[in-house]
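1005 is the number of the first residue of the sequence shown in this note's numbering; add one for each residue after it.
A virtual CB, placed ideally from N, CA and C, is assigned to each residue, including glycine.
Note that the coordinates shown come from a computational prediction; the quantities given were computed from them, not determined experimentally.
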Amino acid sequence: MKKKQREKVPLSNEFSYVRDYGSPKHVGEDRREYGIHFTSVEIFKNFILPYIKDELYKYIWVDLFAGEGNLILPILELVSPDNRAQFFEKHIFLFDIQNDMVEKCITNVIDYANEKQTLHKM
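In structure tokens form, the structure reads like this:
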């Protein structure tokens, strides 16, 4: 069987497309069953964050399929460590149906918290 050629997608500075820069190998069949797509932190930082960085405190940021939290958690880098717990509590809501993804997301929140005191508030 002849392999289908991929469509060539033009890129510009203003628009791009999302590539899968490598998914963890552990997802395997779950990827098909749950329709999993991992958004890399780099994609968020390069293509989304520049457009929302001045609006962070105006909105509530919700990810209903949070996975590891890569789509929203990098926002915390722009919030001072002393205010991260309060910002997280008021502005970030993350959900996922897979327990292992929730655990990884919690681990990532801990990494962004940088302080145990902040973590206990989160």
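Which of helix, strand or coil does DSSP assign to residue i?
| i | result |
| --- | --- |
| Gly1066 | For clarity, residue 1066 is Val in the given sequence; the question names Gly instead. Looking at Val1066 - three-state DSSP - the assignment turns out to be strand. |
| Thr1111 | helix |
| Val1083 | coil |
| Glu1072 | coil |
| Ile1047 | helix |
| Gln1090 | helix |
Span of the beta strand (DSSP E) holding residue i?
| i | result |
| --- | --- |
| Gln1077 | One detail in the question is off: residue 1077 reads as Leu in this sequence, not Gln. Here Leu1077 belongs to no beta strand (DSSP E), and DSSP marks it neither H nor E. |
I'd like to know whether the C-beta of residue i is nearer than 7 Å to at least one C-beta of chain C.
| i | result |
| --- | --- |
| Gly1071 | In the displayed structure, chain C is absent; only one protein chain is listed. |
CA-CA distance, residue i and residue j?
| i | j | result |
| --- | --- | --- |
| Ile1047 | Ile1076 | 11 Å |
| Asp1086 | Tyr1116 | 12 Å |
| Asp1104 | Phe1092 | 21 Å |
| Val1113 | Val1066 | 15 Å |
| Asp1058 | Ile1101 | 31 Å |
| Tyr1149 | Leu1080 | An answer regarding residue 1149 cannot be provided, because it is not within the stretch 1005 to 1126 covered by the chain. |
| Pro977 | Pro1078 | Here the chain covers residues 1005 to 1126 and nothing more, so residue 977 does not appear. |
| Ser1044 | Ile1056 | 17 Å |
| Phe1099 | Ile1064 | 14 Å |
| Leu1068 | Ile1096 | 11 Å |
| Ser1153 | Phe1051 | Because residue 1153 is not part of the residues shown, which for the chain are 1005 to 1126, the question remains open. |
| Arg1088 | Lys1094 | 10 Å |
Can you give me the start and stop residues for the alpha helix (DSSP H) that residue i sits inside?
| i | result |
| --- | --- |
| Phe1097 | Run containing Phe1097: none in the alpha helix (DSSP H); it sits in the beta strand (DSSP E), 1096-1098. |
| Ile1056 | 1053-1056 |
Taking C-alpha atoms, which residue in the options lies nearest to residue i?
| i | options | result |
| --- | --- | --- |
| Lys1049 | Leu1098, Leu1082, Cys1109 | Leu1082 |
| Gly1106 | Ile1096, Ala1070, Ser1084 | The sequence as given places Val at residue 1106; Gly does not occur at that position. Comparing Cα-Cα distances from Val1106 to each of Ile1096, Ala1070, Ser1084, the minimum goes to Ala1070. |
| Ala1109 | Glu1072, Ala1089, Arg1088, Gln1090 | The sequence shown places Cys at residue 1109, not Ala. Of the candidates Glu1072, Ala1089, Arg1088, Gln1090, the one whose C-alpha sits nearest the C-alpha of Cys1109 is Glu1072. |
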